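Only one structure is covered here, and it is reproduced in the block below.
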(Lines of atoms letter the chains of each structure in order from A; the text may use other names.)
(Lines give C-alpha, C1' and ligand atoms only; values in the text may rest on other atoms or scores of the structure.)
Protein backbone atom coordinates (compact mmCIF):
# COMPACT_ATOMS: atom_id res chain seq x y z
CA UNK A 94 0.00 0.00 0.00
CA UNK A 95 1.46 3.36 -1.00
CA UNK A 96 2.19 6.09 1.51
CA UNK A 97 -0.32 8.44 -0.16
CA UNK A 98 -3.08 5.83 0.14
CA UNK A 99 -2.23 5.21 3.81
CA UNK A 100 -2.43 8.92 4.61
CA UNK A 101 -5.74 9.18 2.73
CA UNK A 102 -7.11 6.34 4.89
CA UNK A 103 -5.83 8.10 8.03
CA UNK A 104 -7.49 11.34 6.90
CA UNK A 105 -10.81 9.52 6.45
CA UNK A 106 -10.38 7.90 9.87
CA UNK A 107 -9.78 11.26 11.58
CA UNK A 108 -12.71 12.87 9.75
CA UNK A 109 -14.90 9.94 10.82
CA UNK A 110 -13.73 10.30 14.44
CA UNK A 111 -14.56 14.00 14.49
CA UNK A 112 -18.02 13.43 13.01
CA UNK A 113 -18.80 10.69 15.51
CA UNK A 114 -17.57 12.88 18.36
CA UNK A 115 -20.25 15.42 17.52
CA UNK A 116 -23.01 12.86 17.11
CA UNK A 117 -22.34 10.49 19.97
CA UNK A 118 -19.47 10.57 22.43
CA UNK A 119 -19.92 6.88 23.25
CA UNK A 120 -18.80 5.47 19.86
CA UNK A 121 -15.98 3.00 20.24
CA UNK A 122 -13.36 2.95 17.49
CA UNK A 123 -12.37 -0.47 16.15
CA UNK A 124 -8.68 -1.29 15.80
CA UNK A 125 -7.43 -4.29 13.81
CA UNK A 126 -4.97 -5.81 16.28
CA UNK A 127 -2.29 -8.04 14.79
CA UNK A 128 -0.72 -9.78 17.80
CA UNK A 129 2.26 -10.88 15.70
CA UNK A 130 3.32 -7.22 15.46
CA UNK A 131 3.19 -6.31 19.16
CA UNK A 132 4.78 -7.38 22.44
CA UNK A 133 3.14 -8.90 25.48
CA UNK A 134 1.22 -6.26 27.48
CA UNK A 135 3.28 -3.93 29.67
CA UNK A 136 1.87 -2.39 32.84
CA UNK A 137 2.26 1.25 33.88
CA UNK A 138 0.87 1.36 37.42
CA UNK A 139 1.50 5.10 37.87
CA UNK A 140 -1.00 5.99 35.16
CA UNK A 141 -3.21 2.91 35.44
CA UNK A 142 -2.78 1.50 31.94
CA UNK A 143 -1.59 -1.62 30.17
CA UNK A 144 -0.35 -1.51 26.57
CA UNK A 145 1.59 -3.65 24.09
CA UNK A 146 4.35 -1.93 22.14
CA UNK A 147 5.37 -2.75 18.57
CA UNK A 148 7.69 -5.77 18.38
CA UNK A 149 11.42 -5.04 18.24
CA UNK A 150 10.82 -1.69 19.95
CA UNK A 151 13.00 -2.35 22.99
CA UNK A 152 12.68 -0.58 26.31
CA UNK A 153 15.48 1.93 26.87
CA UNK A 154 17.08 2.52 30.26
CA UNK A 155 15.73 5.90 31.41
CA UNK A 156 18.79 6.41 33.60
CA UNK A 157 20.99 6.48 30.50
CA UNK A 158 18.83 8.87 28.48
CA UNK A 159 19.97 12.45 28.09
CA UNK A 160 16.60 14.16 28.11
CA UNK A 161 17.97 17.47 26.84
CA UNK A 162 18.79 15.67 23.58
CA UNK A 163 15.14 14.76 23.02
CA UNK A 164 13.57 18.09 23.98
CA UNK A 165 12.85 18.95 20.35
CA UNK A 166 10.56 15.93 20.10
CA UNK A 167 8.36 17.45 22.80
CA UNK A 168 8.54 21.03 21.55
CA UNK A 169 4.81 20.76 20.76
CA UNK A 170 3.96 19.37 24.18
CA UNK A 171 0.77 20.40 25.94
CA UNK A 172 2.72 21.87 28.80
CA UNK A 173 6.23 22.81 29.85
CA UNK A 174 8.95 20.17 29.88
CA UNK A 175 9.03 19.78 33.66
CA UNK A 176 5.37 18.73 33.79
CA UNK A 177 5.92 15.75 31.49
CA UNK A 178 7.16 12.67 33.34
CA UNK A 179 8.47 10.05 30.92
CA UNK A 180 7.66 6.57 32.27
CA UNK A 181 9.01 4.51 29.39
CA UNK A 182 10.81 4.88 26.09
CA UNK A 183 10.73 2.09 23.52
CA UNK A 184 12.85 2.16 20.39
CA UNK A 185 13.49 0.31 17.19
CA UNK A 186 17.10 1.47 17.06
CA UNK A 187 17.60 0.23 13.50
CA UNK A 188 14.85 2.44 12.04
CA UNK A 189 14.90 5.14 14.75
CA UNK A 190 11.24 4.63 15.69
CA UNK A 191 10.20 5.55 19.22
CA UNK A 192 7.30 5.27 21.64
CA UNK A 193 7.27 7.56 24.68
CA UNK A 194 4.84 6.68 27.48
CA UNK A 195 4.44 9.70 29.76
CA UNK A 196 2.35 11.19 32.51
CA UNK A 197 1.31 14.82 32.15
CA UNK A 198 1.43 16.35 35.61
CA UNK A 199 -0.71 19.48 35.55
CA UNK A 200 -2.98 21.50 37.78
CA UNK A 201 -5.36 22.10 34.86
CA UNK A 202 -7.93 19.76 33.37
CA UNK A 203 -7.21 17.70 30.24
CA UNK A 204 -9.57 19.86 28.14
CA UNK A 205 -7.51 22.96 29.02
CA UNK A 206 -4.28 21.18 28.05
CA UNK A 207 -5.79 20.07 24.73
CA UNK A 208 -6.84 23.65 23.96
CA UNK A 209 -3.33 24.83 24.81
CA UNK A 210 -1.84 22.19 22.52
CA UNK A 211 -4.26 23.11 19.71
CA UNK A 212 -3.16 26.75 20.02
CA UNK A 213 0.52 25.82 19.88
CA UNK A 214 -0.10 23.76 16.73
CA UNK A 215 -1.82 26.71 15.06
CA UNK A 216 1.38 28.71 15.49
CA UNK A 217 3.59 25.95 14.09
CA UNK A 218 4.23 25.77 10.38
CA UNK A 219 6.64 22.85 10.51
CA UNK A 220 3.95 20.17 11.01
CA UNK A 221 0.78 19.33 9.14
CA UNK A 222 -1.65 17.98 11.68
CA UNK A 223 -4.92 16.12 11.98
CA UNK A 224 -6.90 15.72 15.18
CA UNK A 225 -9.46 13.08 16.11
CA UNK A 226 -11.28 11.94 19.21
CA UNK A 227 -12.54 8.45 19.91
CA UNK A 228 -13.46 5.97 22.64
CA UNK A 229 -11.31 2.90 23.19
CA UNK A 230 -11.66 0.38 26.03
CA UNK A 231 -13.21 2.97 28.35
CA UNK A 232 -10.80 5.80 27.45
CA UNK A 233 -11.82 9.00 25.68
CA UNK A 234 -8.70 9.57 23.58
CA UNK A 235 -7.65 12.66 21.67
CA UNK A 236 -5.23 11.73 18.91
CA UNK A 237 -3.05 14.01 16.82
CA UNK A 238 -1.31 12.97 13.63
CA UNK A 239 1.63 15.33 13.13
CA UNK A 240 3.65 15.14 9.92
CA UNK A 241 6.50 16.94 8.26
CA UNK A 242 9.07 15.91 5.65
CA UNK A 243 11.06 13.92 8.20
CA UNK A 244 8.66 12.55 10.82
CA UNK A 245 5.24 11.02 11.37
CA UNK A 246 4.09 11.42 14.99
CA UNK A 247 0.98 9.95 16.58
CA UNK A 248 0.30 11.72 19.87
CA UNK A 249 -2.50 10.39 22.07
CA UNK A 250 -3.74 12.06 25.24
CA UNK A 251 -6.29 10.71 27.69
CA UNK A 252 -7.15 10.38 31.35
CA UNK A 253 -7.02 7.03 33.12
CA UNK A 254 -9.60 5.79 35.62
CA UNK A 255 -7.32 6.91 38.45
CA UNK A 256 -7.55 10.47 37.02
CA UNK A 257 -3.99 10.56 35.70
CA UNK A 258 -3.43 12.30 32.37
CA UNK A 259 -1.19 10.25 30.10
CA UNK A 260 0.41 10.82 26.73
CA UNK A 261 1.64 8.32 24.15
CA UNK A 262 3.97 9.52 21.38
CA UNK A 263 4.75 7.20 18.45
CA UNK A 264 7.57 8.84 16.48
CA UNK A 265 8.50 7.33 13.12
CA UNK A 266 10.86 8.64 10.43
CA UNK A 267 8.76 9.23 7.32
CA UNK A 268 11.18 7.22 5.17
CA UNK A 269 10.43 4.09 7.28
CA UNK A 270 6.67 4.63 7.66
CA UNK A 271 5.12 1.79 5.68
CA UNK A 272 2.10 -0.52 5.95
CA UNK A 273 3.77 -2.85 8.47
CA UNK A 274 4.75 0.00 10.79
CA UNK A 275 1.26 1.53 10.45
CA UNK A 276 -0.32 -1.82 11.40
CA UNK A 277 2.07 -2.23 14.35
CA UNK A 278 1.17 1.24 15.67
CA UNK A 279 -2.55 0.57 15.16
CA UNK A 280 -2.21 -2.76 17.00
CA UNK A 281 -0.35 -1.09 19.84
CA UNK A 282 -2.95 1.67 20.23
CA UNK A 283 -5.72 -0.91 20.04
CA UNK A 284 -4.14 -2.91 22.87
CA UNK A 285 -4.50 -0.05 25.38
CA UNK A 286 -6.57 -1.07 28.42
CA UNK A 287 -7.20 0.26 31.90
CA UNK A 288 -5.83 -1.54 34.95
CA UNK A 289 -9.18 -1.08 36.74
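Residue numbers (the working numbering): 94 to 289. Glycine included, C-beta positions come from ideal geometry on N, C-alpha and C. It should be emphasised that the depicted structure is a prediction, and the values quoted were computed from it without experimental measurement.
**Study point:** Rounded C-alpha distance that separates residue 155 from residue 195
**Key:** If you number the chain shown from 1, residue 155 lands on position 62. If you number the chain shown from 1, residue 195 lands on position 102. So the alpha carbons of these two residues sit roughly 12 Å apart.
Point to revise | CB-CB length for residue 146 against residue 192, believed under 8 Å | key: As a first step, residue 146 is located in the chain shown; it is residue number 53 there, counting from the start. As a first step, residue 192 is located in the chain shown; it is residue number 99 there, counting from the start. With a Cβ gap of about 5 Å, residue 146 and residue 192 count as contacting.
Review point. Relative to the alpha-carbon of residue 202, which residue among 251, 269 and 158 has its alpha-carbon at the smallest distance?
Key: In the chain shown, residue 202 corresponds to position 109, counting from 1. When only C-alpha atoms are compared, the closest one is 251.
Review point. Can you list, in chain order, the residues of its chain whose CB lies under 6 Å from that of residue 245, leaving out five sequence neighbours each side?
Key: Here residue 245 is taken as the residue at index 152 of the chain shown, counted from 1. Close CB contacts of residue 245 within its chain, under the 6 Å cut and outside five residues either way in sequence, are with 265, 267 and 270 (chain order).
Review point. For residue 138, which residues does DSSP report across the bridge?
Key: Mapped onto the chain shown, residue 138 falls at position 45. Bridge partners of residue 138: none, in fact.
**Study point:** Where residue 185 falls, given that 16 or more other Cβ within 10 Å makes a residue buried
**Key:** Position 92 of the chain shown, counted from the first residue, corresponds to residue 185. Around the CB of residue 185, 16 or more other CB atoms lie within 10 Å, so the residue is classed as buried.
Review point. Among residues of its own chain, excluding the 5 on either side of residue 287, which ones have a beta-carbon nearer than 8 Å to its beta-carbon?
Key: Here the question's residue 287 lines up with position 194 in the chain shown. Closer than 8 Å at the Cβ level, and outside the excluded window around residue 287, lie 141, 142, 143, 230, 231, 232, 253 and 254.
Practice item. Use the C-beta contact count for residue 236: other C-beta atoms within 10 angstroms, 16 or more gives buried, fewer gives exposed. Key: Here the question's residue 236 lines up with position 143 in the chain shown. Residue burial is scored here from C-beta neighbours: residue 236 has at least 16 other C-beta atoms within 10 angstroms and is therefore classed as buried.
Review point. Which whole-angstrom value is the C-beta distance of residue 228 and residue 120, which I expect to be below 8 Å?
Key: Locating residue 228 in the chain shown gives position 135, counting from the first residue. Locating residue 120 in the chain shown gives position 27, counting from the first residue. In this structure, residue 228 and residue 120 form a Cβ contact; the two beta carbons are roughly 6 Å apart against a cut-off of 8 Å.
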